[in-house]
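Asker: Structure incoming, see below.
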Amino acid sequence: VGALEDIVMEDSKRTVRREAVDVLGELVVSALGEPSGIALQSMAALIDAGLQNEMHRIRARAAWTLGLVAASSKGEHIFVAIECVSALADRGFRDSRPQVTKSAARALGHIAKHTLHEPGGVAGRCLSILSRQGLAANKNWRLRAYVVDTLSSLALFAHETDPLFAAEAAMVLADALEDPSVPVQKQAAMGLGTIAASTTGKVTEVAWQCTVALVEKGMGSNSVPLRRFASQALVAVAFRARDSDGEAAGRCVAALANASAEDPHPRVRISASRALAMLAVGVMGDESKIAGTCVAALLKGPLAASAPEKVRSHAVGLLGALASAARRASQRRLASDCLAALARALHDEASPVRDCAAATLGDLASDGDPAADDDRRADE
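Each residue of the sequence shown is one higher than the one before, counting from 220 in the numbering used here.
Here it is, written out as structure tokens:
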């Protein structure tokens with residue numbers, strides 16, 4: 220072990236040092252429980268020689284190796300995991316090189332997954348470090364985005380066996396929606412959407428918590444990009460929740476309808492309109508009334524005379540896909556509503572909107588199957 224520690228500190232070749240780090244990690248795992256003390260000696264070498272190495276790539280390798288060691292230290296050996304987590308928090312996360320801190324974050328996520336049901340609160344401590352040092356006190360937005368991604372996968376991993384842990388991770392993600400960096404906001408919104416869509420109907424508290432965060436913090440944010448990301452995330456949530464949680468689905472649709480009609484920024488209104496159209500096409504023909512609600516919201520908000528020209532033009536383009544989907548699902552009333560709206564758009568004061576309506580009607584009239592009952596629709 221002493222010789223390996225010297226190699227990690229002094230060898231001229233990085234590949235040799237890295238190999239020595241790997242061997243020390245294997246020694247800790249294989250010698251756990253033996254009275255010789257080799258496991259603890261090897262762990263100390265990893266922490267002292269690895270995490271304080273002059274080569275930043277070796278420090279990163281040592282951080283990840285400590286994660287592997289801690290994940291294998293269960294039951295009576297949980298104290299080893301506790302030591303590794305402390306070393307990662309004190310040294311790995313405070314390293315000046317982003318590659319090392321990212322490796323430490325990855326290691327903590329790995330440890331949390333493997334010690335979720337172990338005593339000693341190791342998983343909770345990992346979550347706390349990721350939240351406090353990885354997000355709140357970290358100035359590197361790339362690392363914050365990586366930590367948010369790690370927390371999303373942790374919540375997804377834990378939602379069935381430990382809903383409380385998943386809820387805590389989701390709370391941290393909800394706070395990350397207020398991050399000043401757009402990529403971090405996007406990662407948090409997508410993470411919350413994925414968790415809500417995966418847990419709806421199974422772990423209702425977690426799904427509802429994520430949905431509320433997306434609606435209130437996401438769609439209610441001052442950040443234009445975040446409102447657009449949140450509208451995309453709400454589509455997946457509403458689609459998955461339509462059968463198992465009607466209240467959550469209804470809240471998603473209401474938030475999208477409100478944004479498509481009233482948001483002060485045209486790009487957000489366009490994103491919300493597109494989200495409503497995607498959702499309507501996805502649920503067309505279902506027993507739920509979501510498709511009708513989405514179409515009604517589209518006809519009312521984005522196509523209103525007071526809406527910006529760009530928003531009206533985009534909404535007209537969406538009506539073609541909605542009319543086709545409604546026809547295929549035998550929803551004649553919805554198809555007729557879309558066609559009537561397109562006919563009205565032919566008289567819009569803006570020529571781009573009129574042009575888009577004419578082109579959409581032409582496409583709809585020509586894409587039917589002559590053998591099917593499409594004659595009337597083509598005439599219309």
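Glycine is no exception: its CB is placed at the ideal position from the N, C-alpha and C atoms. All values reported here derive from a predicted model rather than from experimental measurement.
Could you check which residue in S417, P402, P338, L396 has the C-alpha nearest to that of L373?
Answerer: The shortest Cα separation from L373 among S417, P402, P338, L396 belongs to S417.
Asker: Which first and last residues belong to the alpha helix (DSSP H) in which P382 is found?
Answerer: That run of the alpha helix (DSSP H) goes 382 to 395.
Asker: Mapping DSSP to helix, strand and coil, what is Q271?
Answerer: In this structure, Q271 counts as coil in the three-state DSSP scheme.
Asker: Exposed or buried, G420, counting other C-beta atoms within 10 Å across all chains shown (16 or more means buried)?
Answerer: Per the 10 Å Cβ criterion, exposed.
Asker: Considering only the beta carbon of each residue, do V227 and G269 sit closer than 8 Å?
Answerer: Taking 8 Å as the Cβ cut-off, V227 and G269 qualify as a contacting pair.
Asker: Could you give the uninterrupted runs of the alpha helix (DSSP H) lying entirely in the stretch 313 to 365, keeping only those of 4 residues or more?
Answerer: Here the runs fully enclosed are 317 to 333, 341 to 350.
Asker: If you reduce the DSSP assignment to three classes, tell me which class G536 lands in.
Answerer: Of the three classes helix, strand and coil, the one that applies to G536 here is helix, per DSSP.
Asker: Which same chain residues, not among the five before or five after V299, have their C-beta less than 6 Å away from its C-beta?
Answerer: These residues qualify, in order along the chain: S292.
Asker: Just the Cα atoms here: how many angstroms apart are H378 and G339?
Answerer: Answer to the nearest angstrom: the Cα atoms are 20 Å apart.
Asker: Could you give the residue range of the alpha helix (DSSP H) that holds Q451?
Answerer: First-last of the alpha helix (DSSP H) with Q451: 443 to 460.
Asker: For the stretch 516 to 536 against the stretch 545 to 553, are there 3 or more C-beta pairs whose distance is under 8 Å?
Answerer: No, because fewer than three Cβ pairs between the stretch 516 to 536 and the stretch 545 to 553 fall closer than 8 Å, the two stretches do not touch.
Asker: Could you name the residues of the same chain whose beta carbon sits closer than 8 Å to that of L251, not counting the 5 residues immediately before and after it, in chain order?
Answerer: Same-chain partners within the cutoff: A258, S291, S292, H296, V299.
Asker: Excluding the 5 residues flanking I301 on each side, which residues of the same chain have their C-beta closer than 7 Å to its C-beta?
Answerer: Hits under 7 Å: G339, V341.
Asker: Would you report the Cα separation of D505 and Q451, rounded to the nearest angstrom?
Answerer: Answer to the nearest angstrom: the Cα atoms are 21 Å apart.
Asker: Could you spell out the range, first to last residue, of the alpha helix (DSSP H) harbouring G410?
Answerer: Unbroken alpha helix (DSSP H) run through G410: 401 to 418.
Asker: Is the distance from the Cβ of L362 to the Cβ of C345 below 8 Å?
Answerer: Against a cut-off of 8 Å, the Cβ pair of C345 and L362 comes out as no contact.
Asker: In angstroms, rounded to a whole number, what distance separates the CA positions of L223 and P254?
Answerer: Their Cα atoms are separated by approximately 20 Å.
Asker: What is the residue span of the alpha helix (DSSP H) that D398 lies within?
Answerer: Looking at the DSSP string, D398 is not in any alpha helix (DSSP H), and its letter there is neither H nor E.
Asker: Do you know offhand how far A565's Cα is from C513's?
Answerer: Here residue 565 is Leu; the residue named in the question, Ala, does not match the sequence. C-alpha separation (whole angstroms): 22 Å.
Asker: Roughly how many angstroms separate the alpha carbons of R233 and I348, rounded to a whole number?
Answerer: If I take the Cα positions, the gap works out to 29 Å.
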